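As structure tokens, the structure follows; a few thoughts come after it.
Numbering (the working numbering), first residue to last: -12 to 287.
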């Protein structure tokens, strides 16, 4: 299995797990505080991952120039806004719609990659991306809408708009992080990606921490008091970011984001075997369509 594919599949698994834990935090923390825990608690495990890989491979830490730092900062800010929009889409009665539209990040990321990075995909890969997006939308909104008119009206819901905004931010995050890795031109691509993770997370922790202290000082107390629930979110975030960033460094953004759609399959599996939820026929069909879309993307 190519390293970028293994990293992407792992990233999707970690992200599925982290989102579930982060959604639970939303009940006790404010929107910005729930979004901040992934960065504030993600820096220490990120440093451990970087140190461990550097020690095992005996590699050379790459030098970050002004352009790489600027790209990391841009990617970090975009990821912060994407996380805030994603959590905002978890509003009552809007979770499924918001989550579905956030998954358009694969299609949006592919378009952004063509415009900004000059990446090109084969027609088969485009077919896989389109199939994956349609499968996610159908899987998430089946039973919620019964006609095209209702589907169009659902698009105007705040949850859907927040989901689309989250997808745009996450799509652009992949673009900026891939550009930062290309600027580093590290001899060890994975080591360079891990360095990018740590630098970006430190910036994110500083920015979001400063925002909370300035605008919601009481929220920071809640973040620290809930460390038992927040620490696993930070660990999973660091693991997920390390895998995502490695994938972006090794393969085109559109391929990584498209394969990452298997997160939905992991979510269904988690609900079926861990939470003992019944698996409906449309869930099974949707999961198979997403897997088929990933296969088409890889073959393309």
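Every residue gets a Cβ at the ideal spot worked out from N, C-alpha and C, and that includes glycine.
In this text the structure is predicted, and so the values were computed from the model without any measurement.
- Annotated three-state conformation of residue 108 is coil, per DSSP.
- Under the DSSP assignment, residue 67 falls in the alpha helix (DSSP H) whose first and last residues are 53 to 75.
- Annotation: the continuous alpha helix (DSSP H) that includes residue 26 extends over 18 to 27.
- By alpha-carbon distance to residue 182, the top candidate from 248, 53, 36, 109 is 36.
- In this structure, the alpha-carbon of residue 44 lies about 43 angstroms from that of residue 202.
- The three-state reading of DSSP puts residue 154 in helix, counting H, G and I together.
- The stretch 187 to 202 and the stretch 23 to 37 touch, with three or more beta-carbon pairs separated by less than 8 angstroms.
- DSSP places residue 237 in the uninterrupted alpha helix (DSSP H) bounded by 214 to 237.
- Remark: C-beta atoms of residue -9 and residue 234 approach each other more closely than 8 angstroms.
- Shown here for residue 152: same chain residues with a beta carbon closer than 7 angstroms to its own, the five before and five after excluded, namely 72 in chain order.
- Here the alpha carbons of residue 60 and residue 245 stand approximately 24 angstroms from one another.
- Residue burial is scored here from C-beta neighbours: residue 63 has at least 16 other C-beta atoms within 10 angstroms and is therefore classed as buried.
- For residue 95, the uninterrupted alpha helix (DSSP H) segment begins and ends at 92 to 99.
- Annotated three-state conformation of residue 119 is helix, per DSSP.
- Taking residue 88 as the centre and dropping the five residues before and after it, the same chain places the C-beta of 147, 150, 151, 154 closer than 7 angstroms to its C-beta, in chain order.
- Spatial neighbours of residue 54 in its own chain (CB-CB distance under 6 angstroms, excluding positions within 5 residues in sequence) are listed in chain order as 170.
- Counted as a single uninterrupted DSSP element, the alpha helix (DSSP H) harbouring residue 177 occupies residues 176 to 202.
- In this structure, residue 188 sits away from residue 12, with a CB-CB distance that is not shorter than 8 angstroms.
- Counting along the chain, the unbroken alpha helix (DSSP H) around residue 43 starts and ends at 30 to 44.
- Classified as exposed, residue 52 has fewer than 16 neighbouring CB atoms from the shown chains inside 10 Å of its CB.
- DSSP places residue 145 in the helix class (H, G or I) of the three-state scheme.
- DSSP places residue 15 outside both helix and strand once states are collapsed to three, so it counts as coil.
- Following the DSSP letters along the chain, one finds residue 246 inside the alpha helix (DSSP H) bounded by residues 240 to 246.
- Between the stretch -3 to 11 and the stretch 158 to 168, the count of C-beta pairs closer than 8 angstroms stays below three; the two stretches do not touch.
- For residue 7, the secondary structure class from DSSP, reduced to helix, strand or coil, is helix.
- A direct Cα-Cα distance of roughly 43 angstroms separates residue 211 from residue 279.
- Taking all protein chains in view, the Cβ of residue 200 is surrounded by fewer than 16 other Cβ atoms within 10 Å, so the residue is classified as exposed.
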